[in-house]
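Peer 1:
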Amino acid sequence: MDYSLMTIKELSSGLYDGKFSSVELTEFFLNKEDSCSAYISKNKELALEQAKRADERIKNGERGDLLGIPIAIKDNIMIRGVKCTSASLALKDYTPPYDASVIKKLKESGAVFLGKTNLDEFAMGSSTESSFFGATLNPIDKTRVPGGSSGGSAAAVASGTTTVALGSDTGGSIRQPAAFCGVVGLKPTYGAVSRYGLAAMASSLDQIGVISKNVEDAEIVFKNISGRDNLDSTSADYSFKECNVEISKLKVGIPKEYFIDGIDLNMKKEIDKSIDELRNFGVEVVDISLPHTKYALSTYYIITSSEVSSNMGKYDGLRYGFSDDDAKDLIDSYFQNRGNGFGKEVKRRIILGTHTLSAGYKDAYYKKALEVRHFIRQDFIDAFKKVDLIIAPVSPSFPFKIGEKATDPLEMYLLDIFTVTINLAGLPALSMPCKKLDNLPVGIQVIGKHFDEAKILSAGKQFEKIWNI
Amino acid sequence: MIKKLSNLARISFDPKEEEDLRKDIAIVLDYVDDLKEANISHKQQDYFQSDLSSVFRDDVAIDFDDKDLIINSFNNKEGRFLKVKPIL
Numbered sequence: 000m001d002y003s004l005m006t007i008k009e010l011s012s013g014l015y016d017g018k019f020s021s022v023e024l025t026e027f028f029l030n031k032e033d034s035c036s037a038y039i040s041k042n043k044e045l046a047l048e049q050a051k052r053a054d055e056r057i058k059n060g061e062r063g064d065l066l067g068i069p070i071a072i073k074d075n076i077m078i079r080g081v082k083c084t085s086a087s088l089a090l091k092d093y094t095p096p097y098d099a100s101v102i103k104k105l106k107e108s109g110a111v112f113l114g115k116t117n118l119d120e121f122a123m124g125s126s127t128e129s130s131f132f133g134a135t136l137n138p139i140d141k142t143r144v145p146g147g148s149s150g151g152s153a154a155a156v157a158s159g160t161t162t163v164a165l166g167s168d169t170g171g172s173i174r175q176p177a178a179f180c181g182v183v184g185l186k187p188t189y190g191a192v193s194r195y196g197l198a199a200m201a202s203s204l205d206q207i208g209v210i211s212k213n214v215e216d217a218e219i220v221f222k223n224i225s226g227r228d229n230l231d232s233t234s235a236d237y238s239f240k241e242c243n244v245e246i247s248k249l250k251v252g253i254p255k256e257y258f259i260d261g262i263d264l265n266m267k268k269e270i271d272k273s274i275d276e277l278r279n280f281g282v283e284v285v286d287i288s289l290p291h292t293k294y295a296l297s298t299y300y301i302i303t304s305s306e307v308s309s310n311m312g313k314y315d316g317l318r319y320g321f322s323d324d325d326a327k328d329l330i331d332s333y334f335q336n337r338g339n340g341f342g343k344e345v346k347r348r349i350i351l352g353t354h355t356l357s358a359g360y361k362d363a364y365y366k367k368a369l370e371v372r373h374f375i376r377q378d379f380i381d382a383f384k385k386v387d388l389i390i391a392p393v394s395p396s397f398p399f400k401i402g403e404k405a406t407d408p409l410e411m412y413l414l415d416i417f418t419v420t421i422n423l424a425g426l427p428a429l430s431m432p433c434k435k436l437d438n439l440p441v442g443i444q445v446i447g448k449h450f451d452e453a454k455i456l457s458a459g460k461q462f463e464k465i466w467n468i
Numbered sequence: 000m001i002k003k004l005s006n007l008a009r010i011s012f013d014p015k016e017e018e019d020l021r022k023d024i025a026i027v028l029d030y031v032d033d034l035k036e037a038n039i040s041h042k043q044q045d046y047f048q049s050d051l052s053s054v055f056r057d058d059v060a061i062d063f064d065d066k067d068l069i070i071n072s073f074n075n076k077e078g079r080f081l082k083v084k085p086i087l
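As given, the protein sequences belong to chains A and B, one line each in that order. For what it's worth, numbering that gives the first Met the number 0 labels the leading residue of the first sequence as 0, then goes sequentially. For what it's worth, numbering that gives the first Met the number 0 labels the leading residue of the second sequence as 0, then goes sequentially.
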């Protein structure tokens, strides 16, 4: 039986009806060839043990959304006793002694962890090419990138080597790879899901979320991982309550700043068509403006680099991680361990962040970026006084060829132009395919107010039927 | 500039890396320069990301149940102690 195209609900009903077991499911996914290099490692032993336990729980009459369901985990989320590399030489052999809070929750739900998926080193990138373990390929066209940084998770879902996956999103790292691979990605509101046990990149922007085949699967996993956690001081007292929006009563805003020069014109046409289709179903579509959008990318790269330079300070290669034995003294070991353990993009961002936080420059860069960030957030709050949801493209272009943008950091950064604002404002957004052009998917973002996940998911489920991808 | 920053960040670079970095950082700094023109001085300044409240834990030591897994990660150890290179 081929389980690769089945949704969580279909698999759950098969498990409960005794049509197959979680062990059979797990073996199927573990044995399926990973032809896109989506995984860094597979956890055969742990996965089969978890599947066996799930089968016993099901046999004892227990039921649950994720009981016995296989899931892949981005390799910057800690599972106790399982290597967590962050796709870096610096953490190549690091084995965490604790579970991330989302992992604890998923263990209680009875999910089965198939393996750890590839990413850009320390989640810094938009193509999954900067992984120490090599690039992941896009399952739709293996000459192209899957997007990033959660490219491994998106490729695993799109290639059917998992049912669903966890990713993390600091500036688009769930939504852009989901769009590039033609699957669904949910970046929750900042604070809706605990970040405890996620290798921090930029702490005020990082958020764990879901990559799945459809919106319903994203909702199921989100429901299971969200909520307050005392181990993350920024997690919110939030619980998900499903809702059913009537799309004929929805008012959707289209921000003019997201349909700028530079966006692929064919992609723009397809997005315009998709928006027209919503109009045909009674959705009211209005033009809106988010005037500070033009400063978003600069603001984002100053804030992330500053936070990166601080967060990466802990990797000294002494207590764990890559260590250079030839260092002559303690100070030299810091320089050698970090210089040889980190890749090019990570070092670039640490140096940039060190500069933007250094004496004499902090006010001009970091403080100014924080101030502008406030106005970017305020733009959205003002817009949501007039509309229920905002719709925008995910990326200005289709997935590009592997290596095409590897030498120009600024060109790579520009790919995040439509996604970073959402992180700066702390909003939830759903990335979903709306059309296909020459077999390449076109992704659209459905953006909601803070903690309005229920609304974007309900609307997303209905848009999915309209767009029928 | 790169030399000073690499000392602050405690990262070694070879000369080629240093040269590449000098170019890359200059391009990115040139791009982010547009923030200077953002006229926000007349507006109220507020750095809060959202309406989240901080969670403070009691200042109580909690015993970690798997110290061995932490100690096993040490690159260099003597018994249960972390061993580092000479300081001077």
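No residue lacks a Cβ here, since even glycine has one placed at the ideal position from N, Cα and C.
1. Starting from the N-terminal side, write out each stretch of the alpha helix (DSSP H) that is 4 residues or longer and does not extend beyond the segment 81-157 of chain A.
2. Which one of Ile76(A), Ala155(A), Ala368(A) and Thr94(A) has the shortest CA to CA distance from lysine 33(B)?
3. Between the segment 352-363 of chain A and the segment 393-409 of chain A, are three or more C-beta pairs nearer than 8 Å?
4. As an exercise, report each continuous beta strand (DSSP E) stretch of at least 3 residues that is fully enclosed by the segment 411-436 of chain A, in chain order.
5. Taking only runs that begin and end inside the segment 210-243 of chain A, name each unbroken beta strand (DSSP E) of 3 or more residues, in chain order.
6. Which first and last residues belong to the beta strand (DSSP E) in which valine 163(A) is found?
7. Could you tell me the alpha carbon to alpha carbon distance between isoleucine 375(A) and isoleucine 421(A), rounded to whole angstroms?
8. Look at the alpha carbon of glycine 60(A) and the alpha carbon of arginine 52(A), and state the distance between them as a whole number of angstroms.
9. Tell me the DSSP bridge mates of glycine 208(A)?
10. In angstroms with no decimal places, state the Cα-to-Cα distance between proline 85(B) and leucine 7(B).
11. Between serine 130(A) and tyrosine 93(A), what straight-line distance do the alpha-carbon atoms span, to the nearest angstrom?
12. By Cβ distance below 7 Å, which residues in the same chain neighbour valine 284(A) in space, the five residues on each side in sequence not counted?
13. Out of Ile102(A), Pro138(A) and Ser20(A), which one is the CA nearest neighbour of glutamate 32(A)?
14. So, is methionine 0(B) buried or exposed, given that buried needs 16 or more other C-beta atoms within 10 angstroms?
15. Assuming contact is defined by CB atoms lying nearer than 8 Å, are isoleucine 446(A) and leucine 351(A) in contact in what I supplied?
16. With distances taken Cα to Cα, identify the nearest neighbour of lysine 82(B) among Asn213(A), Ser322(A) and Gly312(A).
17. Just the C-alpha distance for lysine 248(A) and methionine 311(A), rounded to the nearest angstrom, thanks.
18. Could you give the distance in angstroms between the alpha-carbon of aspartate 16(A) and the alpha-carbon of leucine 4(A)?
19. Below 8 Å on the Cβ atoms is my guess for leucine 118(A) versus alanine 86(A); work out the distance and round it to an integer in Å.
20. Between aspartate 54(A) and the rest of its own chain, which residues show a CB-CB distance below 7 Å, the 5 nearest in sequence each way excluded?
21. Taking 8 Å as the limit between beta carbons, can you name the residues of its chain near cysteine 83(A), skipping five residues before and five after?
22. Would you list, in chain order, the members of the segment 347-362 of chain A that have their beta-carbon closer than 7 Å to a beta-carbon of chain B?
23. Does any residue of chain B bring its CB to less than 8 Å from the CB of arginine 194(A)?
24. Of all the options Gly170(A), Val183(A), Gly133(A) and Gly147(A), which has the alpha carbon lying nearest to the alpha carbon of alanine 157(A)?
25. Classify tyrosine 38(A) as helix, strand or coil using the three-state DSSP reduction.
26. How many whole angstroms separate the CB atoms of serine 193(A) and leucine 230(A), which I take to be in contact at a CB cut-off of 8 Å?
27. Could you say which of Gly63(A), Gly190(A) and Ala178(A) lies nearest to isoleucine 443(A) if we only look at CA atoms?
28. Assuming serine 167(A) and aspartate 216(A) are in contact, meaning their beta carbons sit under 8 Å apart, how far apart are those beta carbons, in whole angstroms?
29. Tell me the residue span of the beta strand (DSSP E) that contains leucine 388(A).
30. Relative to the ligand FAD, is the shortest distance from any of its heavy atoms to the C-beta of alanine 155(A) smaller than 7 Å?
31. Measuring only the C-alpha atoms, how far is glycine 146(A) from isoleucine 270(A)?
32. Is it true that the CB of glycine 13(A) sits closer than 8 Å to the CB of serine 100(A)?
33. Report the start-end ranges of each alpha helix (DSSP H) in the segment 171-196 of chain A that is 4 residues or longer and not cut off at the edges.
34. Thinking glycine 151(A) and threonine 127(A) are a contact (beta carbons under 8 Å), I'd like their distance in whole angstroms, please.
35. Is the beta carbon of serine 125(A) sitting closer than 8 Å to the one on glutamine 175(A)?
36. Following the continuous beta strand (DSSP E) through glycine 252(A), name the residue where it begins and the one where it ends.
Peer 2: Based on what the coordinates show:
1. Listed in chain order, they are 100-108 and 150-157.
2. With the sequence shown as reference, residue 33(B) is identified as aspartate, and lysine is not the correct amino acid for it. Nearest C-alpha to aspartate 33(B) among Ile76(A), Ala155(A), Ala368(A) and Thr94(A): Ala368(A).
3. Because the criterion of three Cβ pairs below 8 Å is not met, the segment 352-363 of chain A and the segment 393-409 of chain A do not touch.
4. DSSP runs (the beta strand (DSSP E)) wholly in the segment 411-436 of chain A: 428-436.
5. The qualifying runs do not exist here; there are none.
6. 163-167 is the span of the beta strand (DSSP E), which, as asked, contains valine 163(A).
7. Isoleucine 375(A) and isoleucine 421(A) have their alpha carbons spaced roughly 9 Å apart.
8. Going by the C-alpha atoms only, they are around 13 Å apart.
9. Its beta-bridge partners are Gly166(A).
10. Separation of proline 85(B) and leucine 7(B) (C-alpha to C-alpha, rounded to the nearest whole angstrom) is 21 Å.
11. Between the alpha carbons of serine 130(A) and tyrosine 93(A) lies a distance of about 16 Å.
12. For valine 284(A), where only same-chain residues beyond five positions count, the Cβ hits under 7 Å are Val251, Ile253, Ile274, Leu277 and Arg278.
13. Of the listed residues, the one whose Cα sits closest to glutamate 32(A) is Pro138(A).
14. Methionine 0(B) is exposed by the Cβ-count criterion.
15. Cβ atoms of isoleucine 446(A) and leucine 351(A): not closer than 8 Å.
16. Among Asn213(A), Ser322(A) and Gly312(A), the Cα nearest to that of lysine 82(B) belongs to Ser322(A).
17. Going from the Cα of lysine 248(A) to the Cα of methionine 311(A) covers about 47 Å.
18. Just so you know, the alpha carbons of aspartate 16(A) and leucine 4(A) end up roughly 19 Å apart.
19. The beta carbons of leucine 118(A) and alanine 86(A) sit about 5 Å from each other, so the pair counts as a contact at 8 Å.
20. The residues are Ser20, Ser21, Val22 and Gly67.
21. Same-chain partners within the cutoff: Asp74, Asn75, Ile76, Met77, Leu90, Tyr93, Thr94, Pro95, Lys115 and Ala198.
22. Going along the segment 347-362 of chain A in chain order, one finds Arg347, Ile349, Ile350, Leu351, Thr353, His354 and Ser357 with a Cβ nearer than 7 Å to chain B.
23. Arginine 194(A) has a beta carbon lying at 8 Å or more from every beta carbon in chain B.
24. From the listed residues Gly170(A), Val183(A), Gly133(A) and Gly147(A), the smallest Cα separation to alanine 157(A) is found for Val183(A).
25. DSSP places tyrosine 38(A) in the strand class (E or B) of the three-state scheme.
26. Their Cβ separation, rounded to whole angstroms, is 7 Å, which keeps serine 193(A) and leucine 230(A) in contact under 8 Å.
27. Shortest Cα-Cα distance from isoleucine 443(A) to any of Gly63(A), Gly190(A) and Ala178(A) involves Ala178(A).
28. About 18 Å; that fails the 8 Å criterion.
29. Leucine 388(A): member of the beta strand (DSSP E) spanning 388-392, first to last residue.
30. Judged by which ligands are present, the structure shown has none, so any question about the ligand FAD falls away.
31. When rounded, the distance between both Cα atoms is 19 Å.
32. Against a cut-off of 8 Å, the Cβ pair of glycine 13(A) and serine 100(A) comes out as no contact.
33. Restricting attention to alpha helix (DSSP H) runs no shorter than 4 residues, the segment 171-196 of chain A encloses them at 174-180, ordered along the chain.
34. With 8 Å as the limit, glycine 151(A) and threonine 127(A) qualify as a contact, their Cβ atoms being about 6 Å apart.
35. Their beta carbons are under 8 Å apart, which means serine 125(A) touches glutamine 175(A) by this criterion.
36. Taken as a continuous stretch (DSSP letters only), the beta strand (DSSP E) holding glycine 252(A) covers 250-254.
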